[in-house]
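Some notes on the structure that comes next.
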Amino acid sequence: VATCGSNTVSLAGWWLVAASGARQLPQPSLSLHPSQGVSLGDNVTLRCHVPRSPSRVYLYRDNSPRPYRSADTERGTIDFSLVNINSDDAVKYQCQYEISGSGQTSEKSDPVELVAIGEGSGDGDWPWAVPTGSRP
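full-length UniProt numbering applies: residue 1 is where the sequence shown begins, and numbers increase by one.
Below is the structure:
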């Protein structure tokens, strides 16, 4: 502990932060393509945008703690394809990345929700991919 003027600073705490490399990695973002007009049986691409490469990218579904899929990328984006989607695919998705060789892992992206025609909702609304954080 050191005293600097009237402020007391814990050098041990600072050392721990500096030694652990505790800088937060930027959060990735996730988007769906197409983002509207998705029907059961269609193909959908979930695109994760990562600000740092090379990275191992993880795709999560429905708030599961375990990744649904993973892939490596040398560039800033990675696509995960959902082929012939069914009602089980109409859930929330998130992505996360890990910097190769460092063990540093980002926070998960904001979730997006895949909504598809043919789910039996009966409300007649056009389906879309919803960033769940923007709902009122």
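All residues carry an ideal CB built from backbone N, CA and C; glycine is no exception.
Checklist entry - What do you get for Pro-28, buried or exposed, if any count of 16 or more other CB atoms within 10 angstroms of its CB means buried? => result Residue numbering aside, residue 28 sits at position 28 when the sequence shown is read from its first letter. Result: buried.
Next on the checklist: On the criterion of 16 or more Cβ atoms from any shown chain inside 10 Å, does Gln-96 qualify as buried, or is it exposed?
Outcome noted: Against the sequence shown, residue 96 aligns to sequence position 96. With 16 or more other Cβ atoms within 10 Å, it is buried.
Checklist entry - Unbroken beta strand (DSSP E) runs of length 3 or more, entirely within the UniProt domain "Ig-like" (28–113): which are they? => result Segments of the beta strand (DSSP E) lying fully in the UniProt domain "Ig-like" (28–113): 29–33, 44–49, 55–61, 69–73, 77–82, 92–99.
Checklist entry - By Cβ distance below 6 Å, which residues in the same chain neighbour Thr-45 in space, the five residues on each side in sequence not counted? => result For this step, residue 45 is matched to residue 45 along the sequence shown. Excluding positions up to five away in sequence, the list reads His-33, Asp-79, Ser-81.
Checklist entry - What whole-angstrom Cβ distance do Ile-99 and Ser-39 have, given they're in contact under 8 Å? => result What you label residue 99 is simply residue 99 of the sequence shown in a count that begins at 1. What you label residue 39 is simply residue 39 of the sequence shown in a count that begins at 1. Between Ile-99 and Ser-39, the beta carbon gap of about 37 Å keeps them out of contact (Cβ cut-off 8 Å).
Item to check | Expected contact under 8 Å - CB spacing of Arg-52 and Leu-25 to nearest Å | outcome: The residue labelled residue 52 in the question sits at position 52 within the sequence shown. The residue labelled residue 25 in the question sits at position 25 within the sequence shown. 7 Å between Cβ atoms; contact.
Checklist entry - Taking the alpha carbon of residue 224 as the point to measure from, which residue in Arg-23, Lys-108, Val-112 has its own alpha carbon closest? => result With the chain covering only 1 through 136, there is no way to say anything about residue 224.
Next on the checklist: Does Val-50 pass the burial test, meaning 16 or more other C-beta atoms within 10 Å, or should it be called exposed?
Outcome noted: Counted from its first residue, the sequence shown places residue 50 at position 50. Around the beta carbon of Val-50, 16 or more other beta carbons lie within 10 angstroms, which makes this residue buried.
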